[in-house]
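Before any comments, here is the structure.
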Amino acid sequence: MNKLLIVGTVAFDAIETPFGKTDKILGGAATYIGLSASHFNVKSGIVSVVGEDFPQEYLDMLSARNIDISGIEIVKGGKTFFWSGKYHNDLNSRDTLITELNVLADFNPVVPQEFKDSDVVMLGNLHPLVQSSVLNQMTSKTKLVVLDTMNFWMDCALPELLEVIKRVDVITINDEEARQLSGEYSLVKAAAKIHTMGPKYVVIKKGEHGALLFHNKEVFFAPALPLEEVFDPTGAGDTFAGGFSGYITQSENISFNNMKNAIIQGSNLASFCVEKFGTERMESLQKEEVQERLQQFKLLTQFDIELL
Numbered sequence: 002m003n004k005l006l007i008v009g010t011v012a013f014d015a016i017e018t019p020f021g022k023t024d025k026i027l028g029g030a031a032t033y034i035g036l037s038a039s040h041f042n043v044k045s046g047i048v049s050v051v052g053e054d055f056p057q058e059y060l061d062m063l064s065a066r067n068i069d070i071s072g073i074e075i076v077k078g079g080k081t082f083f084w085s086g087k088y089h090n091d092l093n094s095r096d097t098l099i100t101e102l103n104v105l106a107d108f109n110p111v112v113p114q115e116f117k118d119s120d121v122v123m124l125g126n127l128h129p130l131v132q133s134s135v136l137n138q139m140t141s142k143t144k145l146v147v148l149d150t151m152n153f154w155m156d157c158a159l160p161e162l163l164e165v166i167k168r169v170d171v172i173t174i175n176d177e178e179a180r181q182l183s184g185e186y187s188l189v190k191a192a193a194k195i196h197t198m199g200p201k202y203v204v205i206k207k208g209e210h211g212a213l214l215f216h217n218k219e220v221f222f223a224p225a226l227p228l229e230e231v232f233d234p235t236g237a238g239d240t241f242a243g244g245f246s247g248y249i250t251q252s253e254n255i256s257f258n259n260m261k262n263a264i265i266q267g268s269n270l271a272s273f274c275v276e277k278f279g280t281e282r283m284e285s286l287q288k289e290e291v292q293e294r295l296q297q298f299k300l301l302t303q304f305d306i307e308l309l
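At the far end of the sequence shown sits residue 309, using this note's numbering, and the numbering has no gaps.
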């Protein structure tokens, strides 16, 4: 079975949207990535850190989905990373209310021996030095390294971010971040400029408007499935990344054509994530539901046209 190494936060979130609010619930990039990737036939492991306040039931839930948690460090007496945010009415923008780094402030990732030869590495949104540290621990050449980042690191750790970007094959960022990183407004020009920084593939996420995949002069667009109800967009981008990297790991095919399939798989899983608060929907998601919605994606994008 092919191996997927996931690096990112395992955390607590408190979320408020126009449809309600939560107290502290399970969150974190690695959590969403892991739950999403668990829908594929891969051996995945998470590298992260939590405090002594992190419930065992959450760790058990991850283990029950065949996610290796031996790389999750538990700091005695420590407190788990906590983020609180409030979404605006359009659900595309949000205000961060609280960010408590806690044990994440001194996180020094340690990759378990069993995952140092992973086929695919998914670097979730963390400090670029942490992402680089993980790559330094790999003992064999990985088939694919995928990196997710955000504008915060572009603002405060740009030199370190550019160094790690040189070492990855795929970068996934949203449209605002692509424009900031490249200095280009046109997303086509932005992707071309980001290519020159190192990545062979550039994935630009556009939220409810789908995702773009760029590779040299080739471009692919995947729409987001129109949904009747969206409760909470938290974790949708990470769920997308988990579906993308999980599918690639399972298929062992890193061609542009297969990446198109990976984009659809990621978009499909992300469409479930937003239907409930936090990880609730991803925890209850069944294989049959995933397959049924994939068919909806196919119908959404499939058409016959006579070219003259």
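The beta carbon of each residue, even a glycine, is placed where N, CA and C say it ideally should be.
Checklist entry - At which residue ranges does the segment 90-159 contain complete alpha helix (DSSP H) runs of 4 or more residues, listed in the order of the chain? => result 129-137, 152-157
Checklist entry - Where does the unbroken beta strand (DSSP E) through residue 280 begin, and where does it stop? => result Against the sequence shown, residue 280 aligns to sequence position 279. Unbroken run through residue 280: none, as it is neither H nor E.
Checklist entry - Which first and last residues belong to the alpha helix (DSSP H) in which residue 196 is found? => result For the purposes of this step, residue 196 is taken as the residue at position 195 of the sequence shown. Where residue 196 is concerned, the enclosing alpha helix (DSSP H) stretches over 188-196.
Next on the checklist: Taking the alpha helix (DSSP H) that residue 43 belongs to, which residues open and close that run?
Outcome noted: Position 42 of the sequence shown, counted from the first residue, corresponds to residue 43. Run containing residue 43: none; DSSP gives neither H nor E here.
Checklist entry - Does the pairing of the segment 69-78 with the segment 43-57 give three or more beta-carbon distances under 8 Å? => result yes
Next on the checklist: Tell me which residues share the same chain as residue 135 and place their Cβ nearer than 8 Å to its Cβ, disregarding the 5 neighbours each side in the sequence.
Outcome noted: As a first step, residue 135 must be located in the sequence shown, where it is residue number 134. If we look at residue 135 and ignore the five residues flanking it on each side, its Cβ neighbours are 6, 8, 48, 110, 112, 122, 124.
Checklist entry - Under a three-way DSSP split, which group does residue 69 fall into? => result Taking the sequence shown and counting its residues from 1, one reaches residue 69 at position 68. DSSP places residue 69 in strand when its eight states are reduced to three.
Checklist entry - Cα separation between residue 208 and residue 114? => result Position 207 of the sequence shown, counted from the start, is the residue given in the question as residue 208. Position 113 of the sequence shown, counted from the start, is the residue given in the question as residue 114. Their Cα atoms are separated by approximately 36 Å.
Next on the checklist: I'd like to confirm the pairing. Which residues does DSSP put opposite residue 5 in its beta bridges?
Outcome noted: Counted from its first residue, the sequence shown places residue 5 at position 4. The partner list for residue 5 (beta bridge, DSSP) reads 45, 121.
Checklist entry - Over what stretch of residues does the beta strand (DSSP E) that includes residue 261 continue unbroken? => result Locating residue 261 in the sequence shown gives position 260, counting from the first residue. It is not in any beta strand (DSSP E) - residue 261 instead sits in the alpha helix (DSSP H) that spans 257-274.
Checklist entry - Counting contacts by CB-CB distance shorter than 9 Å, is residue 300 in contact with chain C? => result The chain inventory of the structure shown lacks chain C, comprising one protein chain alone.
Item to check | For residue 244 and residue 230, the rounded distance between their alpha carbons | outcome: In the sequence shown, the residue the question calls residue 230 occupies position 229. In the sequence shown, the residue the question calls residue 244 occupies position 243. Roughly 21 Å separates the two Cα atoms.
Checklist entry - From what residue to what residue does the beta strand (DSSP E) around residue 85 run? => result For the purposes of this step, residue 85 is identified with residue 84 of the sequence shown, where counting begins at 1. Looking at the DSSP string, the run of the beta strand (DSSP E) that includes residue 85 is 83-88.
Item to check | From 211, 234, 306, 307, residue whose alpha carbon lies closest to that of residue 266 | outcome: For the purposes of this step, residue 266 is identified with residue 265 of the sequence shown, where counting begins at 1. Among 211, 234, 306, 307, the Cα nearest to that of residue 266 is on 211.
Checklist entry - Using 8 Å as the Cβ pair cut-off and three pairs as the minimum, do the segment 72-87 and the segment 127-143 touch? => result no
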